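In this note's numbering, the protein residues as written are 197 to 427.
Single-structure report; data block below.
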């Protein structure tokens with residue numbers, strides 16, 4: 197097996213941004229990162245493309261008694277994506293589903309409020325949305341995110357990750373308008389193996405990076421920097 201591809205998530209974001217240069221300096225482009233690990237990657241992508249950055253929070257709805265099994269997911273914007281097969285197989289009632297969804301919605305709201313520090317979420321309807329994470333393994337979280345994002349009616353959904361198995365990238369291509377997987381090593385094993393530094397991203401780091409990107413866009417230097425070519 198070859199060594200790690202990336203020093204850390206920031207380096208991975210800079211590499212990934214090169215594959216997305218055709219989206220640079222376009223007012224319709226937005227970057228949504230899956231927290232927490234996707235945010236450092238998304239920050240570098242947003243900087244390189246001259247785009248705003250926000251989080252897209254996804255919470256798994258674990259089946260009662262089988263919490264590791266996803267019966268669905270909820271995401272930013274209050275959207276809900278369900279897995280009918282699991283609901284049928286485990287005979288999950290509407291009351292059970294709603295109880296789990298309410299609990300996860302509280303945590304989703306708490307995280308969004310904490311991450312954004314009072315800033316409103318980006319308006320994605322009619323925009324080209326680049327959905328970023330630090331990598332894909334099975335792709336289940338990203339598939340839930342894409343399904344939820346579709347309900348908010350963006351113009352296009354672009355899934356972008358630094359590293360993933362080729363077969364997972366192919367599966368996601370059926371759901372999104374564009375899929376960019378910068379590296380597809382074989383054998384794959386796990387996302388973290390392709391990073392030298394894969395320490396967990398903290399809530400505080402997510403807050404700081406979102407705040408930093410918002411300040412960069414509001415800076416008087418932004419208009420000058422926005423005209424610079426993508427490296």
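No residue lacks a Cβ here, since even glycine has one placed at the ideal position from N, Cα and C.
The structure displayed is predicted, hence computed values, not measured ones.
- When the five nearest sequence neighbours on each side are left out, the beta carbons in the same chain lying within less than 6 angstroms of the beta carbon of residue 378 are those of 211, 212, 215, 358, in order along the chain.
- When secondary structure is reduced to three states using DSSP, residue 324 falls in the strand class.
- Excluding the 5 residues flanking it on each side, residue 286 has same chain C-beta neighbours closer than 6 angstroms at 259, in chain order.
- Bridge partners of residue 239 according to DSSP: none are assigned.
- In the three-state reduction of the DSSP assignment, residue 286 falls in the coil class, being assigned neither a helical nor a strand state.
- Considering only 374, 385, 346, 300, the residue with the shortest C-alpha distance to residue 334 is 385.
- The beta carbon of residue 405 lies closer than 6 angstroms to those of 235, 239 in the same chain, with the five residues before and after it left out.
- For residue 278, the three-state secondary structure derived from DSSP is strand.
- Within the DSSP secondary-structure output, residue 403 pairs in no beta bridge.
- DSSP places residue 411 in the helix class (H, G or I) of the three-state scheme.
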